[in-house]
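Working notes for the structure below.
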Amino acid sequence: MTRKQRALFEPRLIRTALWDAAKKLDPRVQWRNPVMFVVYLGSILTTVIWLAILMHRTDGSAAFTGSVSLWLWFTVLFANFAEALAEGRSKAQAQSLKGVQKTSWAKKIYEPRPDSPVIKVAADELRKGDMVLIEAGDTVPCDGEVLVGGASVDESAITGESAPVIRESGGDFSSVTGGTRVLSDWLVVQCSANPGDTFLDRMIAMVEGAKRRKTPNEVALTILLVALTLVFVLATATLYPFSLFSVDASHAGIPVTVTVLVALLVCLIPTTIGGLLSAIGVAGMSRMLEANVIATSGRAVEAAGDVDVLLLDKTGTITLGNRQASQFLPAPQVTEQELADAAQLSSLADETPEGRSIVVLAKQRFNLRERDIHSLNATFVPFSAQTRMSGVNVGDRNIRKGAVDAIRRHVESNGGTFPKAVDGLVETVARKGGTPLVVAEGAKVLGVVELKDIVKGGIKERFAELRKMGIKTVMITGDNRLTAAAIAAEAGVDDFLAEATPEAKLALIRQYQSEGRLVAMTGDGTNDAPALAQADVAVAMNSGTQAAKEAGNMVDLDSNPTKLIEVVHIGKQMLMTRGSLTTFSIANDVAKYFAIIPAAFAATYPQLNALNVMHLTSPSSAIMSAVIFNALVIVFLIPLALKGVSYKAMSAASLLRRNLWIYGVGGLLVPFVGIKLIDMILTVLHLS
Numbered sequence: 000m001t002r003k004q005r006a007l008f009e010p011r012l013i014r015t016a017l018w019d020a021a022k023k024l025d026p027r028v029q030w031r032n033p034v035m036f037v038v039y040l041g042s043i044l045t046t047v048i049w050l051a052i053l054m055h056r057t058d059g060s061a062a063f064t065g066s067v068s069l070w071l072w073f074t075v076l077f078a079n080f081a082e083a084l085a086e087g088r089s090k091a092q093a094q095s096l097k098g099v100q101k102t103s104w105a106k107k108i109y110e111p112r113p114d115s116p117v118i119k120v121a122a123d124e125l126r127k128g129d130m131v132l133i134e135a136g137d138t139v140p141c142d143g144e145v146l147v148g149g150a151s152v153d154e155s156a157i158t159g160e161s162a163p164v165i166r167e168s169g170g171d172f173s174s175v176t177g178g179t180r181v182l183s184d185w186l187v188v189q190c191s192a193n194p195g196d197t198f199l200d201r202m203i204a205m206v207e208g209a210k211r212r213k214t215p216n217e218v219a220l221t222i223l224l225v226a227l228t229l230v231f232v233l234a235t236a237t238l239y240p241f242s243l244f245s246v247d248a249s250h251a252g253i254p255v256t257v258t259v260l261v262a263l264l265v266c267l268i269p270t271t272i273g274g275l276l277s278a279i280g281v282a283g284m285s286r287m288l289e290a291n292v293i294a295t296s297g298r299a300v301e302a303a304g305d306v307d308v309l310l311l312d313k314t315g316t317i318t319l320g321n322r323q324a325s326q327f328l329p330a331p332q333v334t335e336q337e338l339a340d341a342a343q344l345s346s347l348a349d350e351t352p353e354g355r356s357i358v359v360l361a362k363q364r365f366n367l368r369e370r371d372i373h374s375l376n377a378t379f380v381p382f383s384a385q386t387r388m389s390g391v392n393v394g395d396r397n398i399r400k401g402a403v404d405a406i407r408r409h410v411e412s413n414g415g416t417f418p419k420a421v422d423g424l425v426e427t428v429a430r431k432g433g434t435p436l437v438v439a440e441g442a443k444v445l446g447v448v449e450l451k452d453i454v455k456g457g458i459k460e461r462f463a464e465l466r467k468m469g470i471k472t473v474m475i476t477g478d479n480r481l482t483a484a485a486i487a488a489e490a491g492v493d494d495f496l497a498e499a500t501p502e503a504k505l506a507l508i509r510q511y512q513s514e515g516r517l518v519a520m521t522g523d524g525t526n527d528a529p530a531l532a533q534a535d536v537a538v539a540m541n542s543g544t545q546a547a548k549e550a551g552n553m554v555d556l557d558s559n560p561t562k563l564i565e566v567v568h569i570g571k572q573m574l575m576t577r578g579s580l581t582t583f584s585i586a587n588d589v590a591k592y593f594a595i596i597p598a599a600f601a602a603t604y605p606q607l608n609a610l611n612v613m614h615l616t617s618p619s620s621a622i623m624s625a626v627i628f629n630a631l632v633i634v635f636l637i638p639l640a641l642k643g644v645s646y647k648a649m650s651a652a653s654l655l656r657r658n659l660w661i662y663g664v665g666g667l668l669v670p671f672v673g674i675k676l677i678d679m680i681l682t683v684l685h686l687s
């Protein structure tokens, strides 16, 4: 048994769920689930009949009626238990989040600088707009935006990730969450929420409120189940007078009893899916939490399952986030190794991702190793916005690398000329969607280093899976169309939006929605907020701005943009689980018909014995076996409802065929085996 499976049936959760299942016998709770409410009323009715038989000693089998009544109560309790266990998992997750909320002290300040006079106050006294100083070792006392400073922050209490993250003023990584801890340096933070309205408070409310929201598809399925239940209630109710009429007309046989009719009704209506429906919905949100994604409601989870357009940001989602050196393109009369040597020298002290990638590429291509800028007595020339280039001076060698125009001016100012062949190399790199970095030594141009976006490994296969699921992928980037087209082709996305502005993103989402499509998007910046608010599924990054998090209907605690693909997978898994168990529930009713109908009416209509294809021992044994199986099948399906049906990327038609074979045919055959086995056990134990 895996760790997740053990966690699913943790003894503490089981004990709590059993107690909650008993508390849910309250009629005010039961009536919310119409299918199980019918079973609940049937349990009460058969219990009253059993008590009447005992008290008045009327004709009838007290043991049979009592046994049917007991197993009907078990059916109700098992359904309650499934829902309580799903809710219990969410409550446990909420409790773990509450553990992050600790009474702490805050260093309140009135000026946004680290040497401002500090007033020590309780964290729950802080209000929106207050400024606090947070130093190494301090707990962040409130949600807020970093005004001054930068620090390493431990967010493991919320995200579960052990690696610290950097939070600093300005940009998209300036948001901090109350309950996290500063590991180094200091921050001046302005609180963005009042106590009780923090992000952590909202997360806990989302988790605890999971069971209170039904999705549109769930409502539609409930209506279908109610309609089926009403049909069978009316059909069963008419069987009693027909039975009396047949006995009076033929002066033979025995009329069917109310207990048998109740058992027939419970076995006819879709109790299996009715008992597990709530558990499936709550478990879907719980699986989102396991993936470190907080959903505002079950509606958001279900919408993720229906998404057919995914908008994905290029940087950090499709690509690794920083451009890296991919090849050295030397100028005429210059060897590739000479270019690599100069480029590596100019990058030894360059701590940018691009600079480090040049050093690594030179090592890989020409084994240029063990070079240190200090041992070479070299002087590093840092990059500046004015010169737009960086480099190194080693003895008489003056090496520079930078943008094309910057190197052109540098070479011409030193009396050299910029070769036309290098212009051609620059144009080739740009046409392929890369960034040309020109290297020169003194007045001589050595060549071009091609920097390109590195598409993440395996991302093309992930997009192919999405395509099988009927989902269109669209890359969003601020790059020009030429660069965007090259990266889109390499990554395997279906379409792209280049030079994207907030207005362009919003217009694209509205265009897809006007075509009747459901759109999912991920974002972290304030400029993403309008599009996130418009998208059907909007996953905001926890590291992003407050505006982005408020606009989204999900928050990814790991701040991993590729999580959107996993969100869609979980949403589809929830829908598939519901569909699979609905198919199984309706299919297994067929076997119950063959078990209980001939047994229930054999005494009234002896001809029905011909339908006893299962050769069950006796009418009472057949009815008891069907009722017991009807109760136990809920218990056996609880793990499947909570864990979810395993999902594979395939078309809707393929999924339907797979469902019909596994859960349709399986739902048809399993009850025949189960009911026959229970009948044999009852016979051996002389309980029939």
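Read left to right, the sequence shown gives residues 0 to 687 (numbering that gives the first Met the number 0). All C-beta atoms in this analysis are idealised placements derived from N, C-alpha and C, irrespective of residue type, glycine included.
query                                                                                                           : result
Simplified DSSP state of P418, which is helix, strand or coil                                                   : coil
Bounding residues of the alpha helix (DSSP H) (the contiguous stretch that carries L531)                        : A528 to Q533
For F379, the residue or residues it bridges with in DSSP                                                       : V391
4-residue-minimum alpha helix (DSSP H) runs that sit fully inside the region 533-587, ordered along the chain   : 545-550
Backbone CA spacing between T258 and T45 [nearest angstrom]                                                     : 6 Å
Per-residue DSSP class, three states only, for V428                                                             : helix
Stretch pair the region 379-388 + the region 412-419: three plus CB contacts closer than 8 Å                    : no
Cβ-based burial, D404 [other Cβ within 10 Å; buried from 16]                                                    : exposed
Q326 beta carbon less than 8 Å from that of S356                                                                : no
The region 184-191 in contact with the region 123-133 per 3-pair CB rule at 8 Å                                 : yes
Buried versus exposed call for L53 [16 or more other C-beta atoms within 10 Å across all chains shown]          : exposed
Anticipated Cβ contact below 8 Å, V447 with V454, distance rounded                                              : Between V454 and V447 the Cβ distance is about 21 Å, and since that is not below 8 Å, they are no contact.
Rounded distance between the beta-carbons of M520 and A534, thought under 8 Å                                   : 4 Å
Proximity below 8 Å, CB of L84 to CB of A135                                                                    : no
R126 versus S103: straight-line alpha-carbon distance, rounded                                                  : 15 Å
Buried or exposed by the 16-neighbour rule on C-beta atoms within 10 Å, applied to I165                         : exposed
Same chain, Cβ closer than 7 Å to L17, five either side skipped, listed in chain order                          : F80
Status (buried if at least 16 other CB within 10 Å, exposed otherwise) for D114                                 : exposed
Residue nearest to W70 in terms of C-alpha spacing, selected from E82, I43 and H685                             : I43
Counted within 10 angstroms of its Cβ, other Cβ atoms place F495 as buried (16 or more) or exposed              : buried
Beta-bridge partners of C190, as assigned by DSSP                                                               : G143
Any chain C beta carbon closer than 8 Å to G65                                                                  : The question asks about chain C, but that chain is absent: this structure has only one protein chain.
6 Å CB neighbourhood of D452 in its chain, flanking five on each side removed                                   : T318, R322 and I486
Distance between N291 and G195 (C-alpha atoms, nearest Å)                                                       : 22 Å
The alpha helix (DSSP H) enclosing R407, as first and last residue numbers                                      : V403 to S412
Rounded separation between K23 and A150 - CA only                                                               : 49 Å
Extent of the continuous alpha helix (DSSP H) to which W660 belongs                                             : Careful: W660 lies outside any alpha helix (DSSP H) and carries neither H nor E.
Simplified DSSP state of A105, which is helix, strand or coil                                                   : strand
Beta-carbon spacing of L445, P352 below 8 Å                                                                     : no
Classification of S645 by the beta-carbon crowding that lies within 10 angstroms, buried from 16 upward         : exposed
For A83: DSSP bridge partner residues                                                                           : None; A83 has no bridge partner.
Any beta strand (DSSP E) of 3 or more consecutive residues that is wholly inside the region 248-330             : 292-294, 308-312 and 323-329
Among I293, T576, A490 and N658, nearest to D557 - alpha-carbon criterion                                       : I293
Beta-carbon proximity list for R509, same chain, < 8 Å, skipping 5 on both sides                                : Q533
CA nearest to the CA of A121, picked from A62, N526 and V139                                                    : V139
In chain order, each alpha helix (DSSP H) run of at least 4 residues that lies wholly inside the region 443-488 : 458-467
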